[in-house]
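Enquirer: Quick one: the structure is below, and I'll ask about it shortly.
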Amino acid sequence: MLTSTTRAFGSPSRYIQGYGELERLQDYTADYGKKVLAIIDPFFYDTLSPSLKEAFEAAGSAIESVKFGGETTITELERLAAIASQNGSDVIVGIGGGKTIDAAKYTGIAVSAAIVIAPTSAATDAPTSALSVTYTEEGVHAETIYFKRNPDLILVDSKIVSKAPIRLLVSGMGDALSTYFEARAHLESNTANRIGKGYRTTLAGMAVSELCYQVLLEDGLKAKQAAEAGACTEALENIIEANTLLSGLGVECVGCAGAHALNSGFSAVEACRNYTHGEIVAFGTLCQLVLENRPKAEIEEVLDFSTSVGLPVTLAEIGLDARMEADLRLVAERAAKAKHIAAEPVTVNPEIIYHAILAADAMGRGWKAERLSAGV
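Taking full-length UniProt numbering, the leading residue of the sequence shown gets 1, the next gets one more, and so forth.
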């Protein structure tokens, strides 16, 4: 618990979002350096690597590209840092999903280069954060590495993001869904944020977190429908910003709590590994609300939103079952040991978490059954 009244706010230096903005990457990197190394997601590498080279050469500059290995293991992160060091790179650009982004942040910090992040989906709030999450070769969460600075520029091309798989957009909403509730837990438990040595949140930090939730409720379903139609609307632009910037600032300036602690637990279960970070966090958010015994109306609002956009509200939707006691107790044990659980304003232990998971699943199943019987 905090004993200081000092407040702190952290963020990227710049955030730029717009249709077709990645096509101007060379204009933006010129503000930070001349030796650019782009770490590109494997899915986009063959397409983007030659087009970036052509664009940079046309502008009288150069860029080197390297394909991300696919997992943020320490071995892969050190490989990328070695390439950047050998090239003398002074600007690191990360283009891709959350793991590619985390790899770019780690690399930029390792070689003291400027960091430019260009997400290709709105699947997580990873772009804005001053951290990288590492995993084992088997895909189990290993460690979260915290940095002393955030990326220099977040460059979001909504033309690319709007064409990403719908599941990734919805997953980002799942990650963003936790932002306000975890921020509130931090505030109520008087837990430090992760800026520097840890401080109280600012009013701005809480306001951004709450706005994130309100944007989801207002524009989430509209954004999904627009993306399904191949349209990039104002609602979709708003959700891209909520998933990326608003959620990211909430995490940076306030912090994570039960929902992300549960994500650490679920990542240890093989059956959950076919599901995205945001899908797991969305169900973890429901578990957190049950854990905190929040009002029925609030839980139902979350259930209604989640089911409307297609986020999980039951164990079955993340590959589990209430009868899988050994797996669920493993989840509870790992969640109880996770750093983020300390921000919860209620008593927690593995047994309490286990029962919260069961209760959340029962509520989700009940909600879906009611909607089915009502023909919704």
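For each residue, glycine too, the CB sits at the ideal point set by N, CA and C.
These numbers come from a predicted model, not from an experiment.
Assuming Asp157 is part of the beta strand (DSSP E), what are its boundary residues?
Expert: For this step, residue 157 is matched to residue 157 along the sequence shown. It spans Leu153 to Asp157 - the beta strand (DSSP E) in which Asp157 sits, taken as one unbroken run.
Enquirer: What's the gap between the Cα of Ala359 and the Cα of Cys287?
Expert: By 1-based counting over the sequence shown, the position of residue 359 is 359. By 1-based counting over the sequence shown, the position of residue 287 is 287. Using only the alpha carbons, I get a separation of about 8 Å.
Enquirer: Give the straight-line distance between the Cα atoms of Tyr19 and Arg194, rounded to the nearest whole angstrom.
Expert: Along the sequence shown, one-based indexing puts residue 19 at 19. Along the sequence shown, one-based indexing puts residue 194 at 194. One C-alpha to the other measures close to 32 Å.
Enquirer: I'd like to know whether the C-beta atoms of Ile101 and Ala126 end up nearer to each other than 7 Å.
Expert: Numbered from 1 along the sequence shown, position 101 holds the residue referred to as residue 101. Numbered from 1 along the sequence shown, position 126 holds the residue referred to as residue 126. Yes, Cβ-Cβ distance for Ile101 and Ala126 is below 7 Å.
Enquirer: What three-state label does DSSP hand Thr276 in the structure shown?
Expert: Taking the sequence shown and counting its residues from 1, the one referred to as residue 276 is at position 276. It is coil, neither helix nor strand.
Enquirer: Pull up the distance between the alpha-carbon of Ala110 and that of Leu37, whole angstroms please.
Expert: Looking up residue 110 in the sequence shown gives position 110. Looking up residue 37 in the sequence shown gives position 37. Approximately 13 Å between the Cα atoms of the pair.
Enquirer: Measure from the alpha carbon of Gly97 to the alpha carbon of each residue in Gly70, Ala242, Ile166 and Arg365, then state which is nearest.
Expert: By 1-based counting over the sequence shown, the position of residue 97 is 97. Minimum Cα distance to Gly97 is reached at Gly70.
Enquirer: To the nearest angstrom, how far is it from the Cα of Arg24 to the Cα of Ala164?
Expert: Sequence index remark: in the sequence shown, residue 24 carries index 24 (1-based). Sequence index remark: in the sequence shown, residue 164 carries index 164 (1-based). Roughly 20 Å between the two C-alpha positions.
Enquirer: Between the alpha carbons of Val208 and Leu249, how many angstroms are there, rounded?
Expert: As a position in the sequence shown, residue 208 is number 208, starting the count at 1. As a position in the sequence shown, residue 249 is number 249, starting the count at 1. Looking at the two C-alpha atoms, the distance is approximately 7 Å.
Enquirer: Tell me whether the beta-carbon of Ser264 lies closer than 7 Å to the beta-carbon of Ala338.
Expert: Locating residue 264 in the sequence shown gives position 264, where the first residue counts as 1. Locating residue 338 in the sequence shown gives position 338, where the first residue counts as 1. Result yes, Cβ atoms of Ser264 and Ala338 sit closer than 7 Å.
Enquirer: Can you tell me which residues form a DSSP beta bridge with Gly94?
Expert: Locating residue 94 in the sequence shown gives position 94, counting from the first residue. Per DSSP, Ile39 and Ile117.
Enquirer: Determine the contact status of Asn150 and Pro42, defining contact as a CB-CB distance below 7 Å.
Expert: Along the sequence shown, read from residue 1 onward, the residue named residue 150 stands at position 150. Along the sequence shown, read from residue 1 onward, the residue named residue 42 stands at position 42. In this structure, Pro42 does not lie closer than 7 Å to Asn150 by Cβ.
Enquirer: In this structure, what does DSSP give as the bridge partners for Tyr146?
Expert: As a first step, residue 146 is located in the sequence shown; it is residue number 146 there, counting from the start. Answer is Leu131, bridged to Tyr146.
Enquirer: Find out if the Cβ-Cβ distance for the pair Ser171, Ala123 is shorter than 7 Å.
Expert: Start at 1 with the first residue of the sequence shown, and residue 171 comes out as number 171. Start at 1 with the first residue of the sequence shown, and residue 123 comes out as number 123. Closer than 7 Å, so yes.
Enquirer: Go ahead and label Asp46 buried or exposed: buried means 16 or more other beta carbons lie within 10 angstroms of its beta carbon, across all protein chains shown.
Expert: Position 46 of the sequence shown, counted from the first residue, corresponds to residue 46. Result: exposed.
Enquirer: Using alpha carbons as the reference points, say which of Lys224, Glu252, Asp219 and Leu168 lies closest to Gly205.
Expert: Residue numbering aside, residue 205 sits at position 205 when the sequence shown is read from its first letter. Nearest of Lys224, Glu252, Asp219 and Leu168 to Gly205, Cα basis: Glu252.
Enquirer: So, under 8 Å CB-CB, Ile39 and Thr107 are touching, yes? Tell me the CB distance rounded to an integer number of Å.
Expert: Locating residue 39 in the sequence shown gives position 39, counting from the first residue. Locating residue 107 in the sequence shown gives position 107, counting from the first residue. Contact flag correct, Cβ pair sits at about 6 Å.
Enquirer: Three or more C-beta pairs under 8 Å: does that hold for the stretch 339-347 against the stretch 291-298?
Expert: Judged by Cβ distances under 8 Å, the stretch 339-347 makes contact with the stretch 291-298, as three or more pairs qualify.
Enquirer: Could you pull the start and end residues of the beta strand (DSSP E) that Val66 belongs to?
Expert: Here the question's residue 66 lines up with position 66 in the sequence shown. Ile63 to Lys67 is the extent of the beta strand (DSSP E) around Val66.
Enquirer: Which of helix, strand or coil does DSSP assign to Tyr15?
Expert: Residue 15 sits at position 15 when you count from the first residue of the sequence shown. DSSP places Tyr15 in strand when its eight states are reduced to three.
Enquirer: Run the CB neighbour count on Val376, radius 10 Å, all protein chains shown included, and call it buried at 16 or more, exposed below.
Expert: The count along the sequence shown starts at 1 and reaches residue 376 at position 376. Val376 comes out exposed.
Enquirer: Give me the Cα-Cα distance between Thr3 and Glu188, rounded to the nearest whole angstrom.
Expert: Taking the first residue of the sequence shown as 1, we reach residue 3 at position 3. Taking the first residue of the sequence shown as 1, we reach residue 188 at position 188. If I take the Cα positions, the gap works out to 14 Å.
Enquirer: Please report how far the alpha carbon of Ala227 lies from the alpha carbon of Arg167, in whole angstroms.
Expert: Your numbering for residue 227 matches position 227 in the sequence shown. Your numbering for residue 167 matches position 167 in the sequence shown. Roughly 10 Å between the two C-alpha positions.
Enquirer: Going by the DSSP bridge assignment, what does Thr201 pair with across the sheet?
Expert: By one-based count along the sequence shown, residue 201 stands at place 201. Paired residues: Ala8.
Enquirer: To which residues of the same chain is Pro50 closer than 7 Å at the C-beta, ignoring the five residues directly before and after it?
Expert: The sequence position of residue 50 within the sequence shown is 50, counting from 1. Contacts found: none.
Enquirer: My understanding is that Val281 touches Trp367, with C-beta atoms under 8 Å, so please give their C-beta distance in whole angstroms.
Expert: Reading the sequence shown from its first residue, position 281 is the one you call residue 281. Reading the sequence shown from its first residue, position 367 is the one you call residue 367. That belief does not hold up - the Cβ atoms of Val281 and Trp367 are roughly 18 Å apart, past 8 Å.
Enquirer: Excluding the 5 residues preceding and the 5 following Asn274 in the sequence, name in chain order all residues of the same chain whose CB lies nearer than 8 Å to its CB.
Expert: Here the question's residue 274 lines up with position 274 in the sequence shown. Hits under 8 Å: Gly319.
Enquirer: What separation, rounded to the nearest whole angstrom, lies between the Cα atoms of Thr144 and Ser129?
Expert: Indexing the sequence shown from 1 puts residue 144 at position 144. Indexing the sequence shown from 1 puts residue 129 at position 129. Going from the Cα of Thr144 to the Cα of Ser129 covers about 11 Å.
Enquirer: Would you mind reading off the limits of the alpha helix (DSSP H) that contains Ile195?
Expert: Locating residue 195 in the sequence shown gives position 195, counting from the first residue. Counting along the chain, Ile195 falls outside any alpha helix (DSSP H), and DSSP gives it neither H nor E.
Enquirer: In whole angstroms, what is the alpha-carbon distance linking Glu298 and Ser308?
Expert: Reading the sequence shown from its first residue, position 298 is the one you call residue 298. Reading the sequence shown from its first residue, position 308 is the one you call residue 308. Approximately 15 Å between the Cα atoms of the pair.
Enquirer: Might you give, ordered along the chain, the residues of its own chain that have their beta carbon closer than 7 Å to the beta carbon of Tyr15, omitting 5 neighbours on each side?
Expert: Here residue 15 is taken as the residue at index 15 of the sequence shown, counted from 1. The answer, listed in chain order, is Ile154 and Leu245.
Enquirer: Express the C-alpha separation of Thr72 and Leu262 in angstroms, rounding to a whole number.
Expert: Stepping through the sequence shown from its first residue, residue 262 is reached at position 262. Stepping through the sequence shown from its first residue, residue 72 is reached at position 72. Spanning the two alpha carbons is a distance of roughly 20 Å.
Enquirer: Look at the alpha carbon of Tyr354 and the alpha carbon of Phe305, and state the distance between them as a whole number of angstroms.
Expert: Start at 1 with the first residue of the sequence shown, and residue 354 comes out as number 354. Start at 1 with the first residue of the sequence shown, and residue 305 comes out as number 305. Tyr354 and Phe305: Cα-Cα distance of roughly 24 Å.
Enquirer: Please go through the same chain and pick out, in chain order, the residues whose beta-carbon is closer than 6 Å to the beta-carbon of Glu317, but skip the five residues on each side of it.
Expert: Reading the sequence shown from its first residue, position 317 is the one you call residue 317. Excluding sequence neighbours, Glu317 sits near nothing in its chain.
Enquirer: Please give the ranges of any alpha helix (DSSP H) in the stretch 211-257, keeping only runs that are unbroken, at least 4 residues long and fully inside the region.
Expert: With a minimum length of 4 residues, the continuous alpha helix (DSSP H) runs that stay inside the stretch 211-257 are 234-241 and 247-253.
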